[in-house]
Amino acid sequence: MMFHSENGQMLRSFHFYLLRCRPSSRWTRRRAGFFFLFFLLCFDAGCSRKPPASQVATPDPQSQIDEASLDSHARMVAVLKRIAEETLDTHLTLGNQADGITARINSQGSLPTPELCYLYFQQGMSRLSLNQLQKGIESLQISNEIAMQIHAPRADLNQIRFYQGVAHLRLAETENCCATNNSDSCILPIKGEGIHTRKAGSQAAMRYFLDVLDHPSGLPEQQYAIDAPARWLLNLAAMTLGEYPESVPEQYRVSQDFFQSTETFPVFKNVLPQLHLQTENLCGGAISDDFDNDGMLDMFTTTFDPRGQSKFFRNASSGKLLDVTNEAGLTGILGGLNALQVDYNNDGFMDVFILRGAWQKNAGLHPNSLLQNNGDGTFTDVTFDVGLAKVWAPTKSADWADYDQDGDLDLFIGNETTPEAMDPSELYRNNGDGTFTEVATQAGVDVRVFVMGAVWGDYDQDHYPDLFISNGSIPGNNLLFHNRRDGTFEDVTLQAGVARPYSSFATWFWDINNDGNLDLYVTNSIENVGVVAAHQMKLPIPAGTETMGLYLGDGHGNFQDRAVEYGLTAPTRPMGANFGDLNGDGYLDFYLATGDVPYEFLVPNLMFLNSQGKQFRDITMAGGFGHLQKGHGVSFTDLNDDGMTDVYVQLGGAYLGDASHDALFENPGFATNWIKLTLVGRDSNRSAAGARVRVVIMENGQERSVYRHVDSGGSFGASPLKLTLGLGTATHVERIEIDWTNSTTQVYENLPVNSSWIAVEGNPNLLTSAIHPGQQN
Numbered sequence: 072m073m074f075h076s077e078n079g080q081m082l083r084s085f086h087f088y089l090l091r092c093r094p095s096s097r098w099t100r101r102r103a104g105f106f107f108l109f110f111l112l113c114f115d116a117g118c119s120r121k122p123p124a125s126q127v128a129t130p131d132p133q134s135q136i137d138e139a140s141l142d143s144h145a146r147m148v149a150v151l152k153r154i155a156e157e158t159l160d161t162h163l164t165l166g167n168q169a170d171g172i173t174a175r176i177n178s179q180g181s182l183p184t185p186e187l188c189y190l191y192f193q194q195g196m197s198r199l200s201l202n203q204l205q206k207g208i209e210s211l212q213i214s215n216e217i218a219m220q221i222h223a224p225r226a227d228l229n230q231i232r233f234y235q236g237v238a239h240l241r242l243a244e245t246e247n248c249c250a251t252n253n254s255d256s257c258i259l260p261i262k263g264e265g266i267h268t269r270k271a272g273s274q275a276a277m278r279y280f281l282d283v284l285d286h287p288s289g290l291p292e293q294q295y296a297i298d299a300p301a302r303w304l305l306n307l308a309a310m311t312l313g314e315y316p317e318s319v320p321e322q323y324r325v326s327q328d329f330f331q332s333t334e335t336f337p338v339f340k341n342v343l344p345q346l347h348l349q350t351e352n353l354c355g356g357a358i359s360d361d362f363d364n365d366g367m368l369d370m371f372t373t374t375f376d377p378r379g380q381s382k383f384f385r386n387a388s389s390g391k392l393l394d395v396t397n398e399a400g401l402t403g404i405l406g407g408l409n410a411l412q413v414d415y416n417n418d419g420f421m422d423v424f425i426l427r428g429a430w431q432k433n434a435g436l437h438p439n440s441l442l443q444n445n446g447d448g449t450f451t452d453v454t455f456d457v458g459l460a461k462v463w464a465p466t467k468s469a470d471w472a473d474y475d476q477d478g479d480l481d482l483f484i485g486n487e488t489t490p491e492a493m494d495p496s497e498l499y500r501n502n503g504d505g506t507f508t509e510v511a512t513q514a515g516v517d518v519r520v521f522v523m524g525a526v527w528g529d530y531d532q533d534h535y536p537d538l539f540i541s542n543g544s545i546p547g548n549n550l551l552f553h554n555r556r557d558g559t560f561e562d563v564t565l566q567a568g569v570a571r572p573y574s575s576f577a578t579w580f581w582d583i584n585n586d587g588n589l590d591l592y593v594t595n596s597i598e599n600v601g602v603v604a605a606h607q608m609k610l611p612i613p614a615g616t617e618t619m620g621l622y623l624g625d626g627h628g629n630f631q632d633r634a635v636e637y638g639l640t641a642p643t644r645p646m647g648a649n650f651g652d653l654n655g656d657g658y659l660d661f662y663l664a665t666g667d668v669p670y671e672f673l674v675p676n677l678m679f680l681n682s683q684g685k686q687f688r689d690i691t692m693a694g695g696f697g698h699l700q701k702g703h704g705v706s707f708t709d710l711n712d713d714g715m716t717d718v719y720v721q722l723g724g725a726y727l728g729d730a731s732h733d734a735l736f737e738n739p740g741f742a743t744n745w746i747k748l749t750l751v752g753r754d755s756n757r758s759a760a761g762a763r764v765r766v767v768i769m770e771n772g773q774e775r776s777v778y779r780h781v782d783s784g785g786s787f788g789a790s791p792l793k794l795t796l797g798l799g800t801a802t803h804v805e806r807i808e809i810d811w812t813n814s815t816t817q818v819y820e821n822l823p824v825n826s827s828w829i830a831v832e833g834n835p836n837l838l839t840s841a842i843h844p845g846q847q848n
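Residue numbers (our numbering): 72 to 848.
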């Protein structure tokens, strides 16, 4: 069988055309997991189709004039409205390709040909991405029928039938765990109310996956692209029906041991469905912090969809969240894959910074947003006024720190530099008057790489924050920049030994063993769901597969990778991730919110428990954390103010048909004690970002220390700057030592456990009542 594509090349089969249309460059191969469907949809203009003119962010001149005449907030709303209106024409994963494909189908005639088979496959995949699930299923069925008529190779049939199974499984998810979301929905192992009541979707999915597995193509490239995912999804589909393991043939069955954790740990129930909030959306960011200074932690979320509204949930009391988005003046603040909090003007009210354009190359030349907290429950977008709107570039990661130690927070933005969007990363020095000056070139951090994550941390304890960047460019190391304390930075990556893993994403500085030194964690990022699934099924994975990086620091600038020793050897695909102390023992645990854009990338989010600073144990199944929906922004927080850490995770994919409700895993409580600290800087930045806290306790007759650093955690998701420190079974606090970023130290002694305090820089006494913004003593 042969057919001619428009570029005139002879293609032996539908299968080899599919292979040829996969991305060819090393960079695009690495991004293939995310852009696979986009490249599939490029057939009508050849495999190397450049974005059409409508995808390049060149605003209409008249629109620019009209927008420029508005105040900063109104201007941003107008710009975001225009971007939202262009989404169907420009967006790489939300754009409408189906109409063009339908036109090509109508021009083909009725004779079954490999090209017509492929076009219907394209049409089906495009309709699925647009949430036209039934129409997508119909198109894939026609593609399958044509493939049989033309006697397509088995590899082609398996590719089509695998995605027929994926389509039906997504339909099952939509009709069940999304439409009737409850505390058990989509959490592995699926049981109780998580078992589907509308069963047709999963039943059909099982039939297609079984057909693929019973008739393997034998092609090596399908082992991890088709065969392993089909086996994994077959088991998941059976579980949604309440028919696992008996309905899965033994040769395809995932061991029950995988779903039955050997760890003893209480279940953290997903209580968000009981709050009756509208959180269903695509992937996005999550921030937990006290935005109204009432002592309770609130939530702020964003969405990848340029048409999607940011959400502000105010904590009314004890974790009762109220949607006050409109009242907060946020209507029209749209889009943003990630977000983080900051008090950029030192006024005592937490502001918000939103990052936009991620993964969109030159179709993602969108402005970021700095939302100033007005102190009255409302926010104003001041981006254009403060000098942060001069560069529009695709990004999903940024971090704030006082890198020059002048008492206010500066901003690094890690842009996704590609041949289509060449802007380097940006460093904005805070001028102290509410404006910023871009200084990346002078500082030596104007890097041109595909930044996946960016975090500040004073790893050598000289009180000047250093910068780590996880790098998505291929080839390319991660990057560690040492702060020279003169406004410039030096690349010390190779000397420090933190170049790997090369496939990286979320990252952070933390202290995992309470030795007072900052350690560094870097996630690996496996794009192929088959590799992740194969590991979970205890099957062989490709040689050379990279895993996580866990670098223990010595406080003098040296690191050692101890990931294997700590048990972190699994291939994963996290996007959002963060850390916190789940059981109040004083050691930091972490959560990986996993997944990727393709519908078939359906794997559980993962939770790891820190075992006294010596090892990490996977407690995903035991604790009920294994949500299957695509995970993004993660916040370790205490929304009900009981001293126990809860976990909020923003969920959803990158296609309209892959929306999800968020999850809030409530801590059931442990027999441990805690202390809460809010730090207020005076000479240091007011939110005390970067300060180090040491709490000394006596436990079981032994003195030990618990260390924390004031930050929001990982590079994708933001936890509160207010610290909750687990004290284990200690019954009182011997002393607290606060090492402020300006090098001064304060000590407080003999404090009760299970209490909340406010420490003001320079004040020898701890405060127990909230400080009014602007009050310093």
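Using N, Cα and C, we set each Cβ at its ideal position, and we do this for glycine too.
Which residue marks the beginning of the alpha helix (DSSP H) containing residue i, and which one marks its end?
{"i": "Pro823", "result": "Note, Pro823: premise wrong, no alpha helix (DSSP H); beta strand (DSSP E) at 816 to 823."}
{"i": "Met310", "result": "299 to 311"}
{"i": "Asn177", "result": "169 to 177"}
{"i": "Tyr279", "result": "271 to 285"}
{"i": "Gly772", "result": "Counting along the chain, Gly772 falls outside any alpha helix (DSSP H), and DSSP gives it neither H nor E."}
{"i": "Ala511", "result": "511 to 514"}
Pull the bridge partners of residue i from the DSSP assignment, please.
{"i": "Asn444", "result": "Phe450"}
{"i": "Asp645", "result": "Before going on, a small fix: residue 645 reads as Pro here, not Asp. Thr665."}
{"i": "Asp470", "result": "Phe483"}
{"i": "Gly780", "result": "Here residue 780 turns out to be His, not Gly, going by the sequence shown. BP columns for His780 point to Arg763."}
{"i": "Met147", "result": "Bridge partners of Met147: none, in fact."}
{"i": "Leu201", "result": "According to DSSP, Leu201 bridges with nothing at all."}
{"i": "Asp418", "result": "DSSP lists no partner for Asp418."}
{"i": "Ala525", "result": "Ile540"}
{"i": "Ile859", "result": "Residue coverage of the chain in this structure runs from 72 to 848, which leaves residue 859 outside it and unanswerable."}
{"i": "Gly615", "result": "None; Gly615 has no bridge partner."}
Where does residue i sit, in a helix, a strand or coil, going by DSSP?
{"i": "Gln294", "result": "helix"}
{"i": "Leu190", "result": "helix"}
{"i": "Tyr323", "result": "helix"}
{"i": "Leu240", "result": "helix"}
{"i": "Asn836", "result": "coil"}
{"i": "Leu159", "result": "helix"}
{"i": "Phe787", "result": "strand"}
{"i": "Asn501", "result": "strand"}
{"i": "Val603", "result": "helix"}
{"i": "Gly799", "result": "strand"}
{"i": "Gly651", "result": "strand"}
{"i": "Phe507", "result": "strand"}
If you follow the beta strand (DSSP E) that residue i is part of, which residue opens it and which one closes it?
{"i": "Gly624", "result": "620 to 624"}
{"i": "Met367", "result": "Where Met367 is concerned, there is no enclosing beta strand (DSSP E), given that its DSSP letter is neither H nor E."}
{"i": "Val674", "result": "Neither: Val674 is in no beta strand (DSSP E) and is coded neither H nor E."}
{"i": "Ile208", "result": "Taken as a continuous stretch (DSSP letters only), Ile208 belongs to no beta strand (DSSP E), being part of the alpha helix (DSSP H) at 204 to 220."}
{"i": "Asp810", "result": "803 to 810"}
{"i": "Gln412", "result": "409 to 413"}
{"i": "Ala830", "result": "826 to 831"}
{"i": "Asp632", "result": "630 to 632"}
{"i": "Phe424", "result": "422 to 426"}
{"i": "Gly180", "result": "Premise fails: Gly180 is in no beta strand (DSSP E) and is neither H nor E."}
{"i": "Leu436", "result": "From DSSP, Leu436 is part of no beta strand (DSSP E); its letter is neither H nor E."}
Which residues in the same chain as residue i place their Cβ atom closer than 6 Å to its Cβ, once the five residues preceding and following it in sequence are excluded?
{"i": "Leu346", "result": "Leu392"}
{"i": "Leu228", "result": "Ala218"}
{"i": "Thr839", "result": "none"}
Taking 7 Å as the limit between beta carbons, can you name the residues of its chain near residue i, skipping five residues before and five after?
{"i": "Asn588", "result": "Asp582, Gly624, Asp625, Gly626"}
{"i": "Asn554", "result": "Tyr474, Tyr535, Pro536, Asp537, Phe560"}
{"i": "Gln532", "result": "Gly626"}
Cutting at 8 Å between CB atoms, please list the residues of its own chain near residue i, excluding the five before and the five after it.
{"i": "Asn585", "result": "Gly657, Tyr658, Gly684, Arg775, Ser776, Val777, Tyr778"}
{"i": "Thr816", "result": "Glu808, Ile809, Asp810"}
Inset, instruction - Let me know the beta strand (DSSP E) ranges lying completely inside the stretch 528 to 595, each 3 residues or longer, listed in chain order. - result: Qualifying beta strand (DSSP E) stretches, in chain order: 537 to 542, 550 to 554, 560 to 562, 575 to 581, 590 to 595.
Inset, instruction - Could you name each continuous beta strand (DSSP E) segment of 3 residues or more that falls completely within the stretch 680 to 752, going from the start of the chain to the end? - result: DSSP runs (the beta strand (DSSP E)) wholly in the stretch 680 to 752: 687 to 689, 702 to 708, 717 to 722, 734 to 737, 744 to 751.
Inset, instruction - Entirely within the stretch 343 to 401 and at least 4 residues each: give me those alpha helix (DSSP H) ranges in chain order. - result: Taking only runs of at least 4 residues, the alpha helix (DSSP H) segments lying wholly in the stretch 343 to 401 are 343 to 346.
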